[in-house]
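J.:
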Amino acid sequence: MSKIRNAYTVGQLNAYIKNMFTQDYLLQSVLVKGEVSNCKYHTSGHLYFTLKDPKGTINCVMFAGNRKGLSFRMQDGQQVVVGGAVDVYERDGKYQLYAKQIVLDGAGQLYERFEQLKRELEEMGMFAKEYKRPIPKYAKTIGVVTARTGAAVRDVIQIAKRRNPYVRIFLYPAIVQGEEAVPSIVNGIHALEQLGVDVMIVGRGGGSIEDLWAFNEREVAEAVFQCSVPIISAVGHETDTTIIDFVSDLRAPTPSAAAELAVWDVREFQQKLSGLEMQLNGNVNRLLSLKRERLLRMEKQLKLMSPAAKIRGYRQYQAQLRERLGAGMNGILALKRHALELYVEKMKGLSPLEKLSSGYSYVENAEGKNIRSVEQVQEGENLRVRFQDGSVNVKVLEKIVE
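So for the sequence shown, the working numbering puts the first residue at -4; every next one is plus one.
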């Protein structure tokens, strides 16, 4: 057997085929219709099923993240149109359709029209956030464009009256399905706009895409966009999406939710008002208490500042000064007396008499000059020697120098 060259692994081949599918633009956005079989809802939230017709089958999967656009429950035997991309699952080497949108057959063309109009209006800027007007928080008048009868109008009226019995509701009984629905809805928007309501709810109850189609028409979308009154769209159920949901100032998942968004809850306001009243009373009581305390302090200060109180204060201060003055003088006298005693003792130490009393004598010549050295006297000179108790006159007989 000859040697085989350039052999690919299974994984390489599957990756190559996957790349071919990825590069094919048609396979990345395709609509396929057929009958549903082997439909399974996985616990992970993913949806697995097979799409078939008399000539073939294809495996399909819709991941949990894309199921929010699924407005009905899939069942075997249903005829559906699936929009998504065809790709290869490399591990098994099988291709399958990865679904992003699923609608019941018969709505496929309407869905294409929906996507086309959505793209056109988005390119025109009608979905831009800068055109969205805020919904007034305390609306007094609510305009409602919907059918005269049905759950939608009943829910709106019931919830609005429960939240605020003082709000005024103006209903324009529009035709919301069929050939006459578009002009009826447009006329209702214009009529309530001229009436001058604070906010407007435009919508209806749930239904198929055909039943809701009037809210996907360009004329209705333009009327909503051009209306000077803020509009809340409320068409169908939470999973239903229409063109006016993108054009309106605010989308509500249901008519009931729209009523809650449009009508402020007067009970909540009353509770808030009661809270503010309690807060105000508390602040007033605290202020009165502070003022009362201040008044008492001022009363005490006034008593202290009276003439009699001042005289008493001055007398007390005078007495304190007298005591301080006497204490100061006594202190000074004590210090002076002590200094005088020191001087006396010092003078005693320097007094000649004190020296003489200690056994010393004082010698002076005839002129009274103190003799302190033998060199100051001459033999035969008369001197006077003073003692403590008297003096004697002496004559120098001999001078002895030591």
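From the three backbone atoms N, C-alpha and C, an ideal C-beta is built for every residue, glycine too.
I think residue 112 touches residue 238, with their Cβ atoms under 8 Å apart; what is that distance to the nearest whole Å?
T.: With a Cβ gap of about 6 Å, residue 112 and residue 238 count as contacting.
J.: Over the uninterrupted beta strand (DSSP E) stretch that includes residue 94, give me the two end residues.
T.: Unbroken beta strand (DSSP E) run through residue 94: 89 to 99.
J.: If we ignore side chains and look at the alpha-carbon of each, how far apart do residue 220 and residue 42 end up?
T.: Cα to Cα, residue 220 sits roughly 37 Å from residue 42.
J.: Among residues of its own chain, excluding the 5 on either side of residue 9, which ones have a beta-carbon nearer than 6 Å to its beta-carbon?
T.: So the qualifying residues of the chain are 85 and 88.
J.: Using three-state DSSP, classify residue 264 as helix, strand or coil.
T.: Looking at residue 264 - three-state DSSP - the assignment turns out to be helix.
J.: With contact counted as at least three CB pairs below 8 Å, one residue from each stretch, are the segment 202 to 214 and the segment 164 to 181 in contact?
T.: Yes, they touch.
J.: For the putative contact between residue 130 and residue 31, defined by C-beta atoms under 8 Å, what is the C-beta separation to the nearest angstrom?
T.: About 41 Å; that fails the 8 Å criterion.
J.: What does the alpha-carbon distance come out to for the pair residue 316 and residue 289?
T.: Distance between the alpha carbons of residue 316 and residue 289: 34 Å.
J.: With distances taken from CA atoms, which of 47, 7 and 141 is nearest residue 187?
T.: Considering only alpha carbons, the answer is 141.
J.: Would you list the one or two residues that DSSP bridges to residue 237?
T.: DSSP output for residue 237 lists no bridge partner at all.
J.: Check for me: the beta strand (DSSP E) holding residue 48 runs from which residue to which?
T.: 42 to 48 is the span of the beta strand (DSSP E), which, as asked, contains residue 48.
J.: Please report the straight-line C-alpha distance between residue 269 and residue 262, rounded to a whole angstrom.
T.: Whole-angstrom Cα-Cα distance: 10 Å.
J.: Around the Cβ of residue 4, are there at least 16 other Cβ atoms within 10 angstroms (buried) or fewer (exposed)?
T.: Label assigned to residue 4: exposed.
J.: Taking the Cβ atom as the reference point for each residue, do residue 196 and residue 229 lie within a distance shorter than 8 Å?
T.: Yes, they are a contact pair.
J.: Can you round the beta-carbon distance between residue 253 and residue 200 to whole angstroms, since I take them to be within the 8 Å contact cut?
T.: At roughly 12 Å, the Cβ-Cβ gap does not stay under 8 Å, so residue 253 and residue 200 are not in contact.
J.: Please report the Cβ distance between residue 257 and residue 137, rounded to the nearest whole angstrom; I am assuming they are in contact, meaning their Cβ atoms lie under 8 Å.
T.: Yes, they are in contact, since the Cβ atoms of residue 257 and residue 137 sit about 5 Å apart, within 8 Å.
J.: Using 10 angstroms around the beta-carbon of residue 6, count the other beta-carbons present and answer buried if the total reaches 16, otherwise exposed.
T.: Classification for residue 6: exposed.
J.: Between which two residues does the alpha helix (DSSP H) harbouring residue 74 extend?
T.: No alpha helix (DSSP H) contains residue 74, which is instead part of the beta strand (DSSP E) from 74 to 84.
J.: Once DSSP output is grouped into helix, strand and coil, what is the label at residue 249?
T.: Note: residue 249 maps to coil in three-state DSSP.
J.: Nearest to residue 264 by CA position, among 12, 161, 378 and 20, is which residue?
T.: If we check each option's Cα against that of residue 264, 161 comes out closest.
J.: Please tell me whether residue 76 and residue 94 are closer than 8 Å, where the distance is taken between their beta carbons.
T.: Not in contact: residue 76 and residue 94 (Cβ atoms no closer than 8 Å).
J.: Give me whichever residues DSSP pairs with residue 4 in a beta bridge.
T.: According to DSSP, which records beta bridges pairwise, residue 4 is partnered with nothing at all.
J.: Going straight from the alpha carbon of residue 82 to that of residue 12, what length do you get?
T.: Their Cα atoms are separated by approximately 9 Å.
J.: For the beta strand (DSSP E) containing residue 359, name the first residue and the last one.
T.: Run containing residue 359: 357 to 359, per the beta strand (DSSP E) assignment.
J.: According to DSSP, is residue 390 part of a helix, a strand, or is it coil?
T.: Reduced to three states, the DSSP call for residue 390 is strand.
J.: What does the alpha-carbon distance come out to for the pair residue -4 and residue 2?
T.: Caution is warranted here: a pLDDT of 47 is assigned to residue -4, below 50, making its placement in the model unreliable, and no coordinate value can be reported.
J.: For residue 226, report the span of its beta strand (DSSP E) as first-last.
T.: Unbroken beta strand (DSSP E) run through residue 226: 226 to 230.
J.: List the endpoints of the continuous alpha helix (DSSP H) containing residue 220.
T.: Note, residue 220: alpha helix (DSSP H), 213 to 221.
J.: The alpha helix (DSSP H) that contains residue 156, what's its start and end?
T.: Unbroken alpha helix (DSSP H) run through residue 156: 146 to 158.
J.: Per DSSP, what kind of secondary structure is residue 376 in: helix, strand or coil?
T.: If DSSP states are grouped into helix, strand and coil, residue 376 belongs with coil.
J.: Taking C-beta to C-beta, are residue 99 and residue 73 nearer than 8 Å?
T.: Cβ atoms of residue 99 and residue 73: closer than 8 Å.
J.: To which residues does DSSP link residue 53 through a beta bridge?
T.: 46, per the DSSP bridge assignment.
J.: What three-state label does DSSP hand residue 36 in the structure shown?
T.: Three-state DSSP puts residue 36 in a strand.
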